Structures are given as structure tokens and as C-alpha cells.
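At position 304 of the sequence shown (counting the first as 1) the number is 324 in the working numbering, and the numbers step up by one without a gap. All C-beta atoms in this analysis are idealised placements derived from N, C-alpha and C, irrespective of residue type, glycine included. For clarity, every value in this text was computed on a predicted model and none was experimentally measured. Just below is one structure, and these are the notes that go with it.
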Amino acid sequence: MKLGAGDSGFGARGWALGACLSTVVLTVTLPAAAPRAQLAPQRVVSLVPSATEMLFAMGAGPRVAAVSSYDHYPPEVERLPRVGALVDPDVERILSLRPDLVIAYASQTDLRAQLGRAGIPVYSYRHGALADITAGMRDLGTRLGLETQARAAAAEIDSSLSDIRARLAGRRRPGAMLVIGREPQSLRAINVSGGYGFLHDLLDLAGGRNVFGDVSRESMMVATETVLARAPEVIIELHYSDPPSSDAIARERKTWSLLPGVPAVKNGRVYLLYGGELVVPGPRVVLTAQTFARALHPDVFGVR
Numbered sequence: 021m022k023l024g025a026g027d028s029g030f031g032a033r034g035w036a037l038g039a040c041l042s043t044v045v046l047t048v049t050l051p052a053a054a055p056r057a058q059l060a061p062q063r064v065v066s067l068v069p070s071a072t073e074m075l076f077a078m079g080a081g082p083r084v085a086a087v088s089s090y091d092h093y094p095p096e097v098e099r100l101p102r103v104g105a106l107v108d109p110d111v112e113r114i115l116s117l118r119p120d121l122v123i124a125y126a127s128q129t130d131l132r133a134q135l136g137r138a139g140i141p142v143y144s145y146r147h148g149a150l151a152d153i154t155a156g157m158r159d160l161g162t163r164l165g166l167e168t169q170a171r172a173a174a175a176e177i178d179s180s181l182s183d184i185r186a187r188l189a190g191r192r193r194p195g196a197m198l199v200i201g202r203e204p205q206s207l208r209a210i211n212v213s214g215g216y217g218f219l220h221d222l223l224d225l226a227g228g229r230n231v232f233g234d235v236s237r238e239s240m241m242v243a244t245e246t247v248l249a250r251a252p253e254v255i256i257e258l259h260y261s262d263p264p265s266s267d268a269i270a271r272e273r274k275t276w277s278l279l280p281g282v283p284a285v286k287n288g289r290v291y292l293l294y295g296g297e298l299v300v301p302g303p304r305v306v307l308t309a310q311t312f313a314r315a316l317h318p319d320v321f322g323v324r
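In C-alpha cells, the structure reads:
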């Protein structure tokens, strides 16, 4: 993930069940197999990229049988079968893989119903606030019988985020606008982060004051007049891809020159960030928090 500001250029997310022995009057017998629901899942299909990253972070990578069309991290997932995503899950493909757990979005009600009829357990995933990421990781770890490993991975994330927050304690918080989408080379259809969700929380943790933090929504479309009125001192714009050419980046940054009255534009504090991890609420949120902090407080974190 790379960061640039002003006119400077910049370049370029098992355990096998032990046999339980019972000894009675010198006779060793094996109990009947435990009900399927009590077994730790060994073949997991994940339709949620952030959950996939959590699985690998807690050491459950070998159990992942398939992933969504949008999974690209860690690199190991590139070798796994693809089974669609939020709007186009391939049910037949999922069933053919014989999973004992499918991780799906809570909003995928039709898919969850079909899997339920097939007797396949489903873990329902919901996006939420920053704190929900590590809470969800611990919950998922418990479901997989990897509670200790999941808690350790979550604690490392929480500790790293706390360190960032501590380094910025007491510092002035510049007004910031987090842009999560707009039309290329245009200031039309500007989509910004509101005051709810993990991106807003990351901006806050990184020492920024979200100029749209009073709006209790994850995102909203805003007009250029509204941007002028909110007068952000820093604009952070997210692009969920690898960086294009330096010329292409310069053209996109120059688009903001149409609003010379905005303090962020006037002072050369428009940052274009590139990387697929920016939109994934998983273990790599620490990297995103660090990048936000470098844009907001370069005197503390430096710019690279």
C-alpha cells in the first residue's frame, strides 16, 4: 500500500478429532461418533474475504476448501477453488466440495436457506465497527476449535492499534474526509465515509476528525458544495487496486484542483491510497491505520 501527497509521485490482504477411549473392567471401547455439529469444521468454504484472512491468521488455512471470487490474500488463496461472492454464490459448486462449514454474509438469506436444507452449517458474518473485527475473529476461532490461536491473533491486532492511538494522544485532530469512491477524473458521485463503520473508526484512531462524523451512516454521496462547506483539511481517497502509472495518479489527484477553496486542496494534502486491503475489515486493518496516520500526522509517522 503506497501513499502520496501534493505533487509528489508514489508507486505501488488440523485439528483432527482425537479418539476418546473409555476403559471399563479392562475392556477398551470406542464411543459412537460425535454428532457432526460437535466436530470442529475441517472443510471450510469462505465467501467473505475478511473472514478468509482471519482463518489464515489463526492457523486454519489448511482447512479452507474454497474462497470467494474477491479473495486475493494471503497468496495461498490463489490456488483454491472460487465459488462466487455476495451476489452470485455458486451453490452447486459449494455443495460439490462437501464443506462442513460455510462462512457467508448475514444478508445472503437465500444461500443460507439452501445450505440449511442440505444440512451444511453456516457461519453468518456481519460487517460492523472496528472493535467487531477482533471480536468476530475470536468468535470464529471458537467455532473452529481454535480459540487460543484466534485470541492470540486478535490480541496482536488490538495491541498494534492501541500503540497507534497512544502515539497520537493529545495531538490536534485535523478535519479529514475519507473518500471511498467517485467517478474517474471527475468530482461526480463522490462517496464518503460517514460516522459509522470500521473505516470511520480507523480514521478516528489514526488521529483524524471525520468531517462527516456527525452522519450515522457507513457511507453517503456528497456534492462538491457540501465538500466546500465541510472544508476538510485532509482528503484521503481510497482505491481498491494496485497503483496505476504515475501519470494516471497525477491526473486523478489534479481532479481535486477544481475545488481550490478546500483547505486540503489549497495546502496539498490530498492523498490517494492504493491497495485491495483498504476495504477488507480483517487482520490487515493495522496496515490501513498506519497509512491513515502517516497522511494525517506525517510529523509523527513520516510519509513514504
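Does DSSP classify residue i as helix, strand or coil?
i, result
"Ile200", "strand"
"Val299", "helix"
"Glu96", "helix"
"Ala86", "strand"
"Leu50", "At Leu50 the pLDDT is 35, less than 50, meaning the model places this residue with poor confidence and gives no usable figure here."
"Val103", "coil"
"Glu257", "strand"
"Leu181", "helix"
"Ile140", "coil"
"Met78", "coil"
"Leu293", "strand"
"Ser239", "strand"
"Thr162", "helix"
Cβ atoms of residue j and residue i: under 8 Å apart, would you say?
i, j, result
"Gly215", "Val235", "yes"
"Ser66", "Ser88", "yes"
"Ile114", "Val107", "no"
"Leu293", "Ile256", "yes"
"Ala369", "Leu131", "This structure gives no information on residue 369, because the portion of the chain shown stretches from 21 to 324."
"Ser70", "Val300", "yes"
"Ile200", "Leu219", "yes"
"Ala77", "Gly165", "no"
"Arg273", "Val290", "yes"
"Ser213", "Leu198", "yes"
"Ile269", "Leu225", "no"
"Val111", "Gln134", "yes"
Which one or two residues does DSSP pair with residue i in a beta bridge?
i, result
"Gly195", "Arg229"
"Leu121", "Val64"
"Val356", "Residue 356 falls outside the range modelled here, since the chain spans only 21 to 324, and no answer is possible."
Below 8 Å on the Cβ atoms is my contact criterion, and I expect residue i with residue j to pass it. Report the Cβ-Cβ distance as a whole number of Å.
i, j, result
"Leu195", "Val231", "As written in the sequence, residue 195 is Gly, which differs from the Leu given in the question. Contact holds; Cβ gap of about 5 Å."
"Val10", "Gly296", "Shown here, the chain extends from 21 to 324; a query on residue 10 therefore has no answer."
"Pro141", "Val64", "Not really, about 10 Å apart at Cβ, beyond 8 Å."
"Val282", "Ala315", "At roughly 16 Å, the Cβ-Cβ gap does not stay under 8 Å, so Val282 and Ala315 are not in contact."
"Val320", "Ser180", "The pair is not a contact, with the Cβ atoms about 16 Å apart (cut-off 8 Å)."
"Ala86", "Pro101", "4 Å"
"Ala170", "Gly161", "2 Å"
Three-pair Cβ contact test at 8 Å for the segment 92–102 versus the segment 149–161: No, the segment 92–102 is not in contact with the segment 149–161.
The segment 72–84 / the segment 310–323 touching (three or more Cβ pairs under 8 Å): These segments do not touch.
Inter-stretch contact (C-beta, 8 Å, three-pair minimum) for the segment 268–287 and the segment 206–214: As far as the Cβ criterion goes, the segment 268–287 touches the segment 206–214, which means the pair count is three or higher.
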